[in-house]
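First residue of the sequence shown: 9, per the numbering used here; consecutive thereafter. Here a beta-carbon is modelled for each residue, glycine too, at the ideal position from N, C-alpha and C.
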Amino acid sequence: MDAGRRSFNLSYMLGLHSLTPKNWAEQALARPEHLLLDHYFCELKAAAMAQRTLKLYGKKYPVLKKLMIELAAEEMTHAEQCQRLLANHARVQPERGGNPYAQGLRKLAHASGGTGDFLDMLLLCSLIEARSAERFKLLADTAHGTELGRFYEDLFASEVNHYVLFVGLGADYFGEQRTLARLEELRAGEAALIRSLPGGPRMHSGPQV
Ligand SMILES: [Fe+2]
Ligand SMILES: [Fe+2]
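Following this line, the structure appears as structure tokens:
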């Protein structure tokens with residue numbers, strides 16, 4: 009499958025408004041130790057986010073209990089896989105100043121205390137999963153035939169499932185029409201955000217590495 013066709017399919021499947029160029033993966037993989045360390049923290053945050061979702065909304069939406077416990081466990085497994093791969097590389101220091109992608113996404117969310125808060129929380133999680141899946145696919149294709157390539161291929165499949173899970177929960181609780189309309193708004197904000205971020209070997213850096 010050629011690159012243009014793959015990009016079309018990814019864009020269609022994940023609904024992202026801004027596609028990452030292929031050279032992002034080539035340049036990110038030139039510094040795998042930095043990429044893996046940033047990725048490790050992303051997986052830890054994903055596990056913490058699943059636990060937070062359960063804590064905040066588990067009482068009101070009991071179905072979350074099983075789903076979020078399983079999700080947190082899966083994200084922790086991904087973090088441990090990153091850790092194992094990091095052991096093959098030189099130690100590096102984490103970037104300072106937090107994660108500008110996560111900080112930027114939080115600013116997009118409703119924070120009124122209404123039901124929109126939970127819908128936005130679900131949809132922001134879905135967007136993080138979609139963007140991660142897009143980038144894992146680029147990394148998998150670029151590192152094809154290597155241990156890292158196989159790792160990213162597995163994660164791609166996993167994060168696509170998580171993306172579907174969060175959008176599905178939104179549709180179950182808030183209706184498909186409202187969920188998809190809000191998702192489109194947030195997708196536009198996410199695209200503008202990621203285009204504005206500096207480059208670098210991070211999972212959610214800007215497109216210029
Ligand atoms: Fe993950
Ligand atoms: Fe995930």
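Compare the Cα-Cα distances from residue i to each of the options and report the closest residue.
i    : options                : result
H25  : L127, R139, E34, H47   : R139
A81  : K67, E34, A56, H152    : A56
A98  : R158, E41, L188        : E41
E83  : E167, K30, A110        : E167
V175 : L132, H212, A200, Y69  : L132
L130 : P102, L52, T61, E51    : T61
L27  : R143, Y160, G105, F182 : R143
S213 : T154, G178, E103, H152 : E103
H118 : G23, L22, R190         : R190
M21  : F182, R39, A165, P215  : A165
E78  : Y181, L173, E192, A199 : L173
K145 : D128, G153, E193, L163 : L163
K68  : P215, Y181, E193, T187 : Y181
L177 : E198, A141, L194, P70  : P70
R39  : K74, E198, M76, L147   : L147
M211 : G105, A141, N96, D128  : A141
A192 : D128, E161, C50, G106  : Note on residue identity: the sequence assigns Glu, not Ala, to residue 192. It is D128.
A54  : S134, E198, G105, E184 : S134
A199 : T85, N96, L75, L116    : L116
T85  : Q185, E184, F159       : F159
Give every residue of the same chain whose Cβ lies closer than 8 Å to the Cβ of residue i, excluding the five residues on either side of it in the sequence, and list them in chain order.
i    : result
Y48  : A87, C90, Q91, L94
T150 : K30, A33, E34, L37, G157
R13  : Note on R13: pLDDT 48, under 50, position unreliable in the model; the coordinate value appears next. Result list for R13: empty, nothing under 8 Å.
L75  : L173, L177
Within its chain, find whatever has a CB closer than 7 Å to the CB of residue i; leave out the 5 residues flanking it on each side and keep chain order.
i    : result
V100 : E41, H42, L45
A11  : Unreliable positioning characterises A11 in this predicted model, as indicated by a pLDDT of 45, which lies under 50. A coordinate reading is not provided.
Y65  : L72, F126
M9   : Any reading at M9 is ruled out, since the residue's pLDDT is 41, under 50, leaving its predicted position unreliable.
L52  : A87
A179 : T187
E161 : A148
Quick one: residues in its chain with C-beta nearer than 6 Å to the C-beta of residue i, no 5 flanking neighbours on either side, listed in chain order?
i    : result
E137 : E167, H170, Y171
A196 : H25
E155 : none
P108 : L205
Q59  : A80
G124 : H118
L201 : G112
C50  : M211
Exercise. Taking only runs of the alpha helix (DSSP H) that begin and end inside the stretch 36 to 116, which ones reach a length of at least 4 residues, in chain order?
Worked result: Within the stretch 36 to 116, the alpha helix (DSSP H) runs of at least 4 residues that lie entirely inside it are, in chain order, 40 to 65, 72 to 94, 108 to 116.
Exercise. Do three or more CB pairs link the stretch 108 to 116 to the stretch 186 to 206 at distances below 8 Å?
Worked result: yes
Exercise. Can you give, in chain order, each stretch of the alpha helix (DSSP H) that sits fully within the stretch 174 to 215 and has at least 4 residues?
Worked result: 184 to 204
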